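Below: one structure, written as structure tokens.
2 protein chains.
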Amino acid sequence: MGSVDTRFLELPAPLPLDCGRELHSVRVAYETYGTLSPARDNVILVCHALSGDAHAAGLSSTPGEAGTRDGFAAESRDGTAGKALGWWDGMIGPGKAFDTDLYYVVSTNLLGGCRGTTGPSSINPETGKPYGSDFPVVTVADMVRCERAFLDVLGIERLAAVAGGSLGGMQALQWAMSYPDQVDSIVVIASTHGLHPQGVAWNAIARESIMRDPAWQDGHYYGTGSAPDAGMGVARMVGHITYLSAPALEDRFARRLQFADDIRYTIREPEFEVESYLRHQANSFVKRFDANTYLYLSRALTYFDAARGHKSLAEAFAEVEARTLLIAFSSDWLYPPAASAAIEEALREAGKPVEYHLIDAPYGHDCFLLEEARQTPIVRRFLNEGDHE
Amino acid sequence: MGSVDTRFLELPAPLPLDCGRELHSVRVAYETYGTLSPARDNVILVCHALSGDAHAAGLSSTPGEAGTRDGFAAESRDGTAGKALGWWDGMIGPGKAFDTDLYYVVSTNLLGGCRGTTGPSSINPETGKPYGSDFPVVTVADMVRCERAFLDVLGIERLAAVAGGSLGGMQALQWAMSYPDQVDSIVVIASTHGLHPQGVAWNAIARESIMRDPAWQDGHYYGTGSAPDAGMGVARMVGHITYLSAPALEDRFARRLQFADDIRYTIREPEFEVESYLRHQANSFVKRFDANTYLYLSRALTYFDAARGHKSLAEAFAEVEARTLLIAFSSDWLYPPAASAAIEEALREAGKPVEYHLIDAPYGHDCFLLEEARQTPIVRRFLNEGDHE
Chain D
3 MGSVDTRFLE LPAPLPLDCG RELHSVRVAY ETYGTLSPAR DNVILVCHAL
53 SGDAHAAGLS STPGEAGTRD GFAAESRDGT AGKALGWWDG MIGPGKAFDT
103 DLYYVVSTNL LGGCRGTTGP SSINPETGKP YGSDFPVVTV ADMVRCERAF
153 LDVLGIERLA AVAGGSLGGM QALQWAMSYP DQVDSIVVIA STHGLHPQGV
203 AWNAIARESI MRDPAWQDGH YYGTGSAPDA GMGVARMVGH ITYLSAPALE
253 DRFARRLQFA DDIRYTIREP EFEVESYLRH QANSFVKRFD ANTYLYLSRA
303 LTYFDAARGH KSLAEAFAEV EARTLLIAFS SDWLYPPAAS AAIEEALREA
353 GKPVEYHLID APYGHDCFLL EEARQTPIVR RFLNEGDHE
Chain U
3 MGSVDTRFLE LPAPLPLDCG RELHSVRVAY ETYGTLSPAR DNVILVCHAL
53 SGDAHAAGLS STPGEAGTRD GFAAESRDGT AGKALGWWDG MIGPGKAFDT
103 DLYYVVSTNL LGGCRGTTGP SSINPETGKP YGSDFPVVTV ADMVRCERAF
153 LDVLGIERLA AVAGGSLGGM QALQWAMSYP DQVDSIVVIA STHGLHPQGV
203 AWNAIARESI MRDPAWQDGH YYGTGSAPDA GMGVARMVGH ITYLSAPALE
253 DRFARRLQFA DDIRYTIREP EFEVESYLRH QANSFVKRFD ANTYLYLSRA
303 LTYFDAARGH KSLAEAFAEV EARTLLIAFS SDWLYPPAAS AAIEEALREA
353 GKPVEYHLID APYGHDCFLL EEARQTPIVR RFLNEGDHE
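Chains D and U, in that order, give the protein sequences.
The letter at position 125 of the first sequence is residue 127 when you use our numbering, and the numbering goes up by one with no holes.
The letter at position 264 of the second sequence is residue 266 when you use our numbering, and the numbering goes up by one with no holes.
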């Protein structure tokens, strides 16, 4: 994709939220790739996950900007001195899964984010100070409402597809439910209709870790000279391990010690390679991410429950018009294949067009960022079929 | 077992440690159940895991003492107003797996512990102040050396068996390697010869959470009026989820909300039942456990590597004389069955008598505290065979 700029846009009207409040002066950070067709009918919205941002593809034109690709993905791709590759660069571009020769791909930073879109670190226009924990608790439906309002400003009414992994997949699913007549298809990767209780627990632990850090200061740490980096570091470590599979960690680290052949009898210092790796992941993450955004997005993704307020998941999907593509990965234990299978079953029961692909891959949840070679033909064929209907 | 007392004993000589230091005036907390035979040949040593103590069976005679049984186990058994049942009460007693009509069962609090045996919260005789993080970094072999010295004081030379789950199983394995001619048999339950890297990671995260809490004060928080309860609470939450299986959490909590039928839009408060349960587990744990002990025992169990210094696990077992019983649980992902299978294979390769039982049970690692009905006949038959050899 070459070098790309993140741009910014302010929504013209207040954004109503599920909690009953509304947000004023909402700014949205976004990037676009490819060319909008004259009929404006070739738009694909890609939605990022918990720690992503609008920079989904190409090289960021902001020098020195920390990359958002994490973990295994980051290490295999971020060798581009000072310019970060987008988090889904392997999937977006000419000839790629989301083919920019055909589609106009739009990516926004989520509502509640910390990378340009209005979130807890933004200035509250009512007080002139950052919201902090006064920011309203937002939902996946609120994020989608924000994306809808943003696309209105761009003059885009319909979407050829909404696509995303993890929390991004929840947004795709929500789009098909919130705006059924405006979405032709959704691509839901490594996602779920409702996180299982172990996943809810991991997220609760991450949030507890941040909020128990005294530097969190009840959410009002901006401008105080300190931030809950210690707690968010631990939160990130927890997240990171849940994104990877146990066999992937075994392959990569085994029980190798960092130094020499023997232990050094230390409590404080990392001793195993995997311990050092975790500390490095935590330290690099806290430099680029805001702890309150972590809290809010983590809360939103645990709240997400497509069936809530309905008798069944099938009933929740009654109004869906989009074709659905589901992809899950065999080793993903945070967003396990069973969830995608349940979505498939419910959509079938509701009489909706759906296909589900289970990819046998070893890396865990992070596969959605890594397994582009096997996702690409599936996604291309699925989108192509839509074009010829 | 009725009401039992925890007793205390001071080792007559300094205890040498793997790290090269030695500990003076080591105190050991212990309990015994059953009657020592005149020949002193009916002794079973049971070894506890990370959060246990010497109180393995019966009702503690200390009123108001917090129980050490955690989680599912605690809730199903601790209904004994003010008097806590031992952590392995289901396994130790007349007619039980470790039958006190036949055996003299001895249980000690581990070296480094916080429940009566010398550990980081004990007074350092050199300074007159608690050790804190000046306490030497101890290993599983050090724990076993302490247990050996303790049994010497009791005049017990040989053990009919050493038994334990998790970190307790590591000690049993270490006994067979450190004192091959003094152990007739070992019972190694839900344990491993070396924790896999994901387990190493969970433990590292727990320790980071404690050490990043400013109240840890570099390990010297005793007498300061504050302790790293916030960090240890998070550590306990992480531990707790790794002790349970995802299906067990699904069965128990699903995605049920705590209040009413809808979300309350809160970042700070627990919203799902599983979130509230975690917070409760953390809060009750910090009342009875010392954070430095958590650090030291966690470090010891990640260090444990039966094969370290040997070409293979089979070679490490070359001197073992004990018969070995291995039990693992199908849903235990922290100490997975594969580890027990690897121990079995290595012992067979070394020509040692071993039997391995994989129990199909749903609760995860905590099965070793819960599945006594199925463990009992296996353990009784194994011990009985030893008596008739």
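C-beta: ideal position from N, C-alpha, C; glycine also.
These numbers were taken from a predicted model, which means no experiment stands behind them.
By the 16-neighbour rule on beta-carbons within 10 angstroms, T226 of chain D is exposed.
Note on the region 107 to 170 of chain U: whole beta strand (DSSP E) runs with a minimum of 3 residues are 163 to 167, in chain order. For E210 of chain D, the C-beta contacts it makes with chain U under 8 Å involve G235, V236, M239, L280, R281 and A284, in order along the chain. For I188 of chain D, the beta-bridge partners assigned by DSSP are D:V164 and D:T326.
Beta-carbon to beta-carbon, P230 of chain D and A293 of chain D are separated by about 5 Å, close enough to satisfy the 8 Å threshold. Close CB contacts of S39 of chain U within its chain, under the 8 Å cut and outside five residues either way in sequence, are with Y106 (chain order). Approximately 5 Å separates the beta-carbon atoms of R209 of chain U and L297 of chain U; this is inside 8 Å, confirming the contact.
Annotation: Cβ neighbours of F255 of chain U in chain D (cutoff 7 Å, chain order): P199.
Taking 8 Å as the cut-off, the beta carbon of A250 of chain U is found closer than this to the beta carbon of Y365 of chain U.
The beta carbons of L17 of chain U and A99 of chain U sit no closer together than 8 Å. Cβ proximity to chain U below 7 Å picks out Y305 and D307 from the region 305 to 325 of chain D. Residue contact with chain U for T268 of chain D: present (Cβ-Cβ distance below 8 Å to some residue of chain U). Residue contact check for P339 of chain U against chain D: no CB pair falls below 8 Å. Contact between T110 of chain D and E149 of chain D is confirmed by a C-beta separation of about 6 Å, below the 8 Å threshold.
Judged by DSSP secondary structure, R350 of chain D falls within the alpha helix (DSSP H) whose first and last residues are P339 to E351.
Residue contact check for M93 of chain D against chain U: no CB pair falls below 8 Å. Residue range R29 to Y35 is occupied by the beta strand (DSSP E) that includes A31 of chain U, with no alpha helix (DSSP H) assigned at that position. If you look at I46 of chain D, you'll find it isn't in any alpha helix (DSSP H); it sits in the beta strand (DSSP E) that goes V45 to C49. The Cβ atoms of S332 of chain D and L360 of chain D lie closer than 8 Å to each other. Nearest C-alpha to D264 of chain D among U:D263, U:Y224, U:A308 and U:A232: U:A308. Taking 8 Å as the threshold, the shortest C-beta distance from G54 of chain D to chain U does not fall below it. Secondary structure note for H242 of chain D: its alpha helix (DSSP H) is the uninterrupted segment D231 to Y245. Taking a beta-carbon distance threshold of 8 Å, S124 of chain U does not count as an interface residue toward chain D. Under the Cβ criterion of 8 Å, Y133 of chain D is not counted among the residues facing chain U. Annotation: I243 of chain U to A165 of chain U spans about 25 Å, alpha carbon to alpha carbon. The region 341 to 352 of chain U and the region 186 to 198 of chain U touch, with no fewer than 3 CB-CB distances between them shorter than 8 Å. The residues D231, M234 and G235, in chain order, have a CB closer than 6 Å to that of V288 of chain U in the same chain once the five nearest residues on each side in sequence are set aside. For Y298 of chain U, the chain D residues whose C-beta falls within less than 9 Å of its own C-beta are I269, listed in chain order. Annotation: the continuous alpha helix (DSSP H) that includes I207 of chain D extends over P199 to M213. For the set D:Y358, D:R301, D:V322 and D:Q377, the Cα lying nearest the Cα of V139 of chain D is the one of D:R301.
Within a 10 Å sphere around the beta-carbon of V155 of chain U sit fewer than 16 other beta-carbons, which makes this residue exposed. For E277 of chain D, the enclosing alpha helix (DSSP H) has its first and last residue at E275 to R290. DSSP, reduced to helix, strand and coil, places D101 of chain U within a strand of the structure shown. Looking at the backbone, the Cα of M145 of chain U and that of L112 of chain U are separated by about 6 Å.
By the 16-neighbour rule on beta-carbons within 10 angstroms, N44 of chain U is buried. Short of 6 Å from the beta carbon of T34 of chain U, and not among the five residues preceding or following it, lie these beta carbons of its own chain, in chain order: V108.
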